[in-house]
Structures are given as C-alpha cells and as structure tokens.
Amino acid sequence: MSRIREAFQNGKAFIPFLTCGDPDLETTERAVRLAEKNGADLVELGIPFSDPTAEGPVIQEASLRALKSGTTTDKIFAMVRSLRKDVKIPFVFMTYANVVYSYGADRFFSLCRETEVDGLILPDLPYEEKGEFEAIAEQYDVDLISMIAPTSEDRIARIANEAKGFIYLVSSLGVTGERTKITTDIGSIVRVIRENTDIPCAVGFGISTPEAAAEMAALSDGAIVGSAIVKLFAKYKENAPEKAGELIRQMKNACVGGA
Amino acid sequence: MTERPGRFGEHGGQYIPETLMNAVIELEKAYHKWKEDPGFVQELDALFRDYAGRPSLLTFAGKMTRELGGAKIYLKREDLNHTGSHKINNVLGQALLAKKMGKTRLIAETGAGQHGVATATAAALLDMQCVVFMGQEDMERQALNVYRMRLLGAEVVPVKTGTGTLKDAVSEAMREWTSRIDDTHYCLGSVMGPHPFPTIVRDFQAVIGREIRAQLLEKEGRLPDAVMACVGGGSNAIGSFYEFIQDQEVRLIGCEAAGRGIDTFETAATINTGRMGIFHGMKSYFCQDEYGQIAPVYSISAGLDYPGIGPEHAYLHDIGRAEYVPVTDEEAVEAFEYLAKTEGIICAIESAHAVAKARELAPTMRPDQIIVITISGRGDKDCAAIARYRGEDIHE
C-alpha cells in the first residue's frame with residue numbers, strides 16, 4: 001500500500017498545508033514535526049511561487065515572505081531530507097507548474113523519490129496538460145495528484161478514472177482562503193468520484209474551523225486546511241508551529257469525531 | 260501552423276486551474292460557432308466600420324522616408340481607432356462573443372490602460388458590467404486612463420500584490436474569473452493566456468494585417484519588405500504579422516522593450532532575455548530566475564512591461580519566421596519625439612519601440628523597398644511620463 005493510501009487509514013484524514021520558508025525553513029521543519037505529533041495524516045508542503053494564481057491573499061503573502069527570506073527549491077529538498085530522518089507521514093508538494101518545469105521535471109521527481117516525497121499537486125496543471133509531467137512522475141513513483149472542482153461536471157469521471165494518490169476536491173469557486181460557508185453539493189460530486197475510482201478523496205479550499213473540517217471530512221475521506229494555518233505564521237512567525245500544532249490537533253479530532 | 264488546437268509548436272496550451280477548464284472549453288465552442296455565423300460577422304464588421312472607424316489609414320511617412328534615405332515607410336494608423344489604440348479590435352470581438360454566450364459582465368486586466376479603456380467602452384456600448392484590474396503602480400503612471408475607465412462606467416480595482424504592474428493585474432483577473440464564471444467573461448487583452456485566447460485575440464486583431472495588404476496593394480501594387488510592430492504580449496504585432504506569415508519574402512520584426520538594456524535586470528525583453536516556462540495559462544518564453552520565479556520586469560512603457568510573450572510569437576521565433584529585437588527606453592523616447600516632429604504624429608510609447616527600430620533599418624534598405632510600421636496607439640497618455648523622463652514636470 002502506498003504511503004498516501006495509508007494516510008487515509010486512521011479514520012477521516014486531516015491534511016494541513018504549510019508554506020515552506022515562511023518565516024524561514026527552520027520554522028517550517030519544526031512545524032512539520034509538530035503537525036505529525038498532533039495527528040496530521042499527511043502534510044502538504046507549499047514550494048513558494050512568485051505569482052500563485054490559484055491562491056488568495058493569505059497564501060500569496062506567505063509565498064512572497066518565503067521567497068524574500070531566501071527560500072529555494074534546493075533548500076526545501078534539503079529540509080525534507082532532514083525531516084525524513086524521523087518523520088514518517090507522507091509529504092505532498094504543492095507548487096506551480098513553472099517551478100517544476102524550470103527545475104527540470106526529471107531532476108525534480110528524482111529528488112522527490114530520493115527524499116521520499118510521495119506526491120505533487122500543481123493547481124495550474126489540468127487533466128489536458130498532465131501528460132508530460134505524469135510520465136516522469138510515474139517513472140519515479142511519485143503521485144501526481146488530480147484536482148476536481150465544483151465546475152468539473154462532465155469531467156469528473158475522466159479525471160477520477162486516471163487519478164493517483166488521492167483526489168483533491170476543491171470545495172468552492174475562487175481561490176484559496178477562508179470562507180464562512182461552503183455551498184457546493186460536495187456529496188453528489190463525491191458520489192460520482194466513487195463510481196469511478198477507489199482512491200481517497202479529500203476536500204480543500206475555504207475550510208477554516210474544526211467544525212467545517214469535520215463537515216467536509218464526513219462527506220469525503222478527509223479535509224485539507226491551508227489559509228487558516230498559514231495565517232498563524234503571519235501572526236506568530238517563529239512561534240507559530242506550536243499554535244499550528246494546536247489547531248491541527250483540534251481539526252484532526254473534529255474530523256475523526258465527525259466520521 | 261499548429262500541431263494541435265491551442266499549441267504553437269511546443270508553446271501554448273491550457274495551464275489553468277481545473278475550476279476554469281469548462282469555461283475555456285465553453286468559450287472555444289462558442290467561438291467556433293459564432294465566428295462562422297454570417298450575422299455575427301456582419302455585426303462585428305459594422306462595429307469596426309461605424310464605431311471603431313475601420314479601416315484605419317495607411318499613411319505614407321514621406322518626410323521620414325526622405326530623411327532616413329532608404330526604404331519607403333508607411334505607418335499603419337491604429338492610433339486613429341476609437342479609444343486610441345488597436346485594443347478596440349479585440350475587445351469588440353470578444354464583447355460581442357460574450358454577449359452571444361449570455362454573459363452580462365466583462366472583466367479585464369490592463370497595463371497602460373488602453374485595453375481597460377477599450378473594454379470599458381465596449382461594455383458601455385453593449386450594455387454590460389465591467390471591472391478592470393490594474394496594478395497600483397500603473398494606476399499612478401496612467402491616471403488619465405483610470406479616469407476614462409471610470410467615466411465609461413467601469414469599476415477599476417487596484418492590484419497591490421507583487422510588482423503592482425500588468426502581470427499582477429492578469430493574475431488578479433484570473434483569480435476573479437475563478438470565483439465568478441457564470442455571468443462573467445474574461446476579456447483578455449493580448450495574444451496570451453490559455454487556449455483559446457491566443458487564437459481568438461489573434462483572429463480579431465488580424466484585421467490590421469489584412470488591411471495593410473489591401474491598402475499597400477492599392478498604393479504600391481506590391482507587398483511590404485518588412486512589417487514592424489512593438490511586442491509585449493504581442494497582440495498588435497501578431498495582428499500585423501498574421502496575414503503575411505505565408506509570404507516568406509516579408510520580414511516580420513517584433514520590437515521588445517529592453518528597458519534600461521538587455522544586459523541589465525531592468526528589462527522586459529522576453530525573447531532576448533527569457534527562457535521557456537509555464538505561466539499565466541501558457542507555455543512560452545518568460546523572464547524568470549533559475550528556480551522559475553517570475554522576474555520583476557521593467558520598461559518605461561506600461562503596455563510592454565510584461566515578463567512573457569504570446570505563444571505564437573515564441574513559435575515564430577523558434578522557427579525563425581519572425582525576428583524579435585530589443586529597443587531601450589532611451590531609443591523609444593527619442594523615436595517618440597522624432598515621429599512627433601517629423602510626421603506630426605504623437606504615437607504611444609509602446610509603438611515608438613517599433614519606430615526606433617525602423618529608423619535603424621530603413622537606411623540599410625533600398626529606396627524601392629517598403630517598411631510598414633504599425634502605430635498601435637496614440638501617445639497622449641504618455642506625454643506626462645515622457646516629460647518626466649526628460650526632467651520636466653507637467654500637470655495634466
């Protein structure tokens with residue numbers, strides 16, 4: 001069983017997102033360890049991109065802070081290597097196509113395998129364009145994660161059929177960021193997904209409270225939370241990992257309780 | 260010209276969030292349906308003729324030709340279009356298409372403000388809502404155009420993220436489209452972004468080159484030896500070039516904004532300093548660092564101040580069909596002043612980049628040869644900035 005699949009074996013999964021290098025990589029490294037300790041089943045590691053078109057203001061600003069502090073793809077791989085000495089939960093990178101393309105997809109995925117990064121999410125790489133990256137990802141046993149959106153409609157079956165690792169179900173229209181209410185009919189999208197694949201499906205975008213996480217996890221296999229966690233790093237900086245750990249613990253408990 | 264729809268050689272594609280995929284697929288279908296529809300074609304032709312003022316003139320630049328002492332120079336006068344630039348061609352096409360698709364709201368990005376003004380104009384005319392995203396920095400550089408857009412009934416949203424220029428305005432317009440698709444069409448202003456935009460925008464701008472051919476055949480009985488245009492994203496350039504791509508004897512020359520020079524970091528010359536990448540929905544050439552972070556580009560011209568170039572230009576460069584040459588701020592400003600004094604035409608600082616290169620090229624050519632320079636827009640909007648460049652502070 002792949003490590004990503006295992007992450008969905010402890011009840012409903014909780015997946016936090018962290019922007020690597022905000023405020024610096026030492027803090028990110030500590031935050032990942034505390035995330036594991038507090039029950040995170042998988043961690044999404046954001047490689048900052050200068051112009052993240054799918055992100056709302058919170059993650060945009062975190063990305064710029066990270067780049068300003070000198071974060072690079074190479075330094076992030078070094079951090080992951082150090083984390084892998086003791087951290088066992090799966091890691092999935094989230095970044096933009098140009099970061100991987102410019103690094104060289106072959107070099108990027110081979111380092112993913114070497115440092116045991118299990119998957120990659122590229123929000124600007126839809127089904128139609130995934131071919132050139134997927135071929136290389138498969139060669140190195142890295143799962144290229146597919147996204148499904150409220151507007152996917154007739155595309156859901158096709159995407160689900162070929163999905164790897166887990167499916168990232170985008171909860172609502174728009175960019176990442178907290179929302180007071182999610183109005184999409186998640187349940188009916190999940191039904192179509194389940195008719196087409198048995199890989200797990202986690203919901204992300206706009207989930208800001210343990211209650212919302214529980215609600216989304218109940219409808220799927222897990223919840224993904226980014227902005228609500230990243231916001232703590234803007235506020236508490238080097239002291240954020242403890243605060244993030246506490247929020248992750250609450251979120252995970254809510255997800256499991258709501259299962 | 261393409262391997263498959265939406266690709267120009269290796270370039271192009273649809274690198275956008277899943278949320279937008281059905282929107283661009285719907286747009287492509289609608290475009291294919293309506294572009295062949297006789298009623299649509301007639302309606303657009305009428306708007307071009309009776310509203311935008313097409314065909315635009317092809318003016319013989321007699322004094323410039325004599326002074327430079329080489330090729331004959333003609334100016335394709337997109338500056339004479341309603342709203343003062345070539346942007347109106349694309350906008351009328353897209354707004355009409357959006358209307359047919361049942362959309363009631365247009366969003367757009369703008370750099371210098373010309374595309375924003377054109378979109379606000381079309382929205383007013385066709386009774387649609389309009390929201391324009393514009394970099395904070397550009398709103399300061401182009402205050403007059405901000406006022407014009409508001410006067411036309413558009414909402415202008417300042418974009419403060421990143422460098423506060425055109426690329427950030429594009430990112431923000433894409434984000435807005437992701438959050439509101441049902442009633443909204445993203446009226447992209449250049450031959451860039453995800454398929455089908457580079458093709459749609461090119462087709463609506465191709466009227467420039469078709470007119471050049473017809474007008475020059477009438478005046479000279481022959482095709483030009485060179486067609487020159489400025490290139491940021493590249494819409495006026497592709498509009499000028501497209502008609503001549505099959506005519507191998509016609510040189511196609513795109514003039515990029517080199518800013519303070521291609522050997523400095525303060526440049527926006529994508530072909531000359533960038534490399535292959537994936538950004539804003541397309542694979543093409545981009546100014547970027549070794550890790551693929553998009554570079555903060557610079558040019559005196561807000562309209563050319565963009566770190567990428569349309570995928571079809573990237574392809575024409577790859578196959579050697581078009582040439583892309585850098586022009587510095589200084590050369591462009593000199594050409595801006597030169598054209599004003601010589602021909603009595605105050606052109607946009609963007610277009611002045613093409614004029615600058617033509618001044619170099621013309622004397623190396625024979626008097627029986629012909630250059631056409633596309634004057635993509637008028638320069639009223641630039642007067643304050645050029646005065647400032649020359650150390651003079653004027654108030655509009």
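So the protein lines, in turn, are chains A and B.
Here this note's numbering is used: the first residue of the first sequence is 1, the next is one more, and so on.
Here this note's numbering is used: the first residue of the second sequence is 260, the next is one more, and so on.
Idealized CB from N, CA, C, for every residue including glycine.
- Annotation: the continuous beta strand (DSSP E) that includes Leu120(A) extends over 119-121.
- In the DSSP annotation of this structure, the continuous segment of the alpha helix (DSSP H) that includes Leu306(B) starts and ends at 297-306.
- Under the rule that a run must span 4 or more residues, the alpha helix (DSSP H) segments found entirely inside the stretch 486-562 of chain B read 494-500, 529-532.
- In the DSSP assignment, Glu26(A) falls within the alpha helix (DSSP H) that extends over 25-37.
- Three or more beta-carbon pairs drawn from the stretch 77-94 of chain A and the stretch 114-122 of chain A are found closer than 8 Å, and the two stretches are therefore classed as touching.
- According to DSSP, Val390(B) shares a beta bridge with Ile366(B), Glu414(B).
- Where Gln60(A) is concerned, there is no enclosing beta strand (DSSP E), although the alpha helix (DSSP H) around it starts and stops at 57-68.
- Chain-order list of chain B residues neighbouring Ile148(A): Glu277, by C-beta distance under 7 Å.
- Burial is judged here by how many other beta carbons sit within 10 angstroms of a residue's own beta carbon; Thr633(B) has at least 16 and is buried.
- Residues of chain B with a Cβ closer than 9 Å to the Cβ of Val117(A) do not exist; the shortest Cβ-Cβ separation is about 17 Å.
- In terms of Cβ geometry, Ala35(A) and Ile207(A) do not form a close pair [threshold 8 Å].
- Here Thr324(B) is buried. Its C-beta has 16 or more other C-beta atoms within 10 Å.
- In the DSSP assignment, Tyr333(B) is bridged to Phe319(B), Val631(B).
- Put simply, of Arg469(B), Leu475(B), Ala517(B), Asp522(B) the residue whose alpha carbon is nearest the alpha carbon of Tyr501(B) is Arg469(B).
- CA-to-CA, the gap between Glu269(B) and Ala212(A) works out to about 43 Å.
- In the DSSP assignment, Cys201(A) falls within the beta strand (DSSP E) that extends over 201-204.
- His454(B) carries a coil assignment under DSSP once its states are collapsed to helix, strand and coil.
- Per DSSP, the unbroken alpha helix (DSSP H) holding Glu114(A) starts and ends at 105-114.
- Cβ contact annotation for Thr443(B) (same chain, cutoff 7 Å, sequence separation greater than five): Lys362, Arg364, Ile366, Trp436, in chain order.
- Under the three-state reduction of DSSP, Cys606(B) is assigned to strand.
- Secondary-structure assignment with DSSP links Ser344(B) through a beta bridge to Gly636(B).
- Excluding residues up to 5 positions away in sequence, Ile136 lie with their Cβ nearer than 6 Å to the Cβ of Asp106(A) in the same chain.
- When the alpha-carbon of Cys446(B) is set against those of Arg534(B), Asp309(B), Lys322(B), Ala381(B), the nearest one is in Ala381(B).
- Look at the stretch 84-116 of chain A: the residues with a C-beta under 7 Å from a C-beta of chain B are Ala97, Asn98, Val99, Tyr101, Ser102, Tyr103.
- Taking C-beta separations shorter than 6 Å and ignoring five residues to either side along the sequence, the partners of Ala97(A) in its chain run Leu122, Asp124, Leu125, following chain order.
- For Phe319(B), the closest C-alpha among the options Arg637(B), Gly603(B), Cys642(B) is that of Gly603(B).
- The C-beta of Gly265(B) has 16 or more other C-beta atoms within 10 Å across all chains shown, which makes the residue buried.
- Note that the stretch 230-245 of chain A does not touch the stretch 547-556 of chain B; fewer than 3 beta-carbon pairs, one per stretch, sit closer than 8 Å.
- Annotation: Ala432(B) to Lys237(A) spans about 30 Å, alpha carbon to alpha carbon.
- In the structure shown, the three-state DSSP call for Ile440(B) is coil.
- As far as DSSP is concerned, Asp338(B) takes part in no beta bridge.
- For Val43(A), the uninterrupted beta strand (DSSP E) run begins and ends at 43-46, by DSSP.
- For Leu18(A), the uninterrupted beta strand (DSSP E) run begins and ends at 13-19, by DSSP.
- DSSP lists no beta-bridge partner residue for Ser171(A).
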